[in-house]
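Novice: Under numbering that gives the first Met the number 0, read the sequence shown as residues 0 to 119, first letter to last. Beta carbons are placed, not taken as given, at the ideal position from N, Cα and C, and that holds for glycine. The model shown is predicted, which means the values in this text are computed figures rather than measured ones.
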Amino acid sequence: MITKHTLFKLALAVAFVVISYLVFSRPTYSQGIPHIDKVGHLGSFFCLSYLTYLAFRPKWYWLSLVLATYAMLIELVQSRLPYRSASIGDVLADFAGIALFYFCLWAYRKYFSAAHLKEE
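Encoded structure:
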């Protein structure tokens, strides 16, 4: 039987593959809105944080360390690709996505605690 954690691990693996493909491939889209890629970085790392949390329930520092390392690795590889460029702003947006996930998790837990609700 497939468990929820197995599905979350599969979703996380798919997300890593898709995000890696997108950040390492040649961009085929125009950037009509300045810095829209930062929104993509923030959203991607929010989702990676969420899926990692659901799949493994790691301590906050392990999740943050692993995803921060992945963020820096992405920029290192992009700095070596002729059709890409590295950006400290992208890394900061990645870190912001991780921080936003933990802020949302904190707010969610505070709400459940204040409302005296139980998770199933």
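Can you tell me which of the three DSSP states LEU53 falls into?
Specialist: It is helical.
Novice: Specify, as a first and last residue, the run of the alpha helix (DSSP H) that LEU62 falls within.
Specialist: Note, LEU62: alpha helix (DSSP H), 59-79.
Novice: When the Cα atoms are used, what is the spatial distance from VAL33 to PHE7?
Specialist: Checking the sequence, you will find Pro at residue 33 rather than Val. Each residue's alpha carbon lies about 33 Å from the other.
Novice: What residue from LEU80, PHE15, LEU104 and ALA10 has the CA that sits closest to HIS40's CA?
Specialist: The option with the nearest alpha carbon to HIS40 is PHE15.
Novice: Let's see if you can read the secondary structure: which residues bound the alpha helix (DSSP H) around MET96?
Specialist: Residue 96 is actually Gly in this sequence, not Met. Counting along the chain, the alpha helix (DSSP H) containing GLY96 begins and ends at 87-113.
Novice: Mapping the DSSP letters down to three states, classify ILE1 as helix, strand or coil.
Specialist: Reduced to three states, the DSSP call for ILE1 is coil.
Novice: Considering only heavy atoms of the ligand FMN, does any lie closer than 7 Å to the CB of LYS109?
Specialist: Ligands in the displayed structure: none, and consequently the ligand FMN is not present.
Novice: Mind checking whether TYR52 and LEU62 have CB atoms under 8 Å apart?
Specialist: A contact, by the Cβ cut-off of 8 Å.
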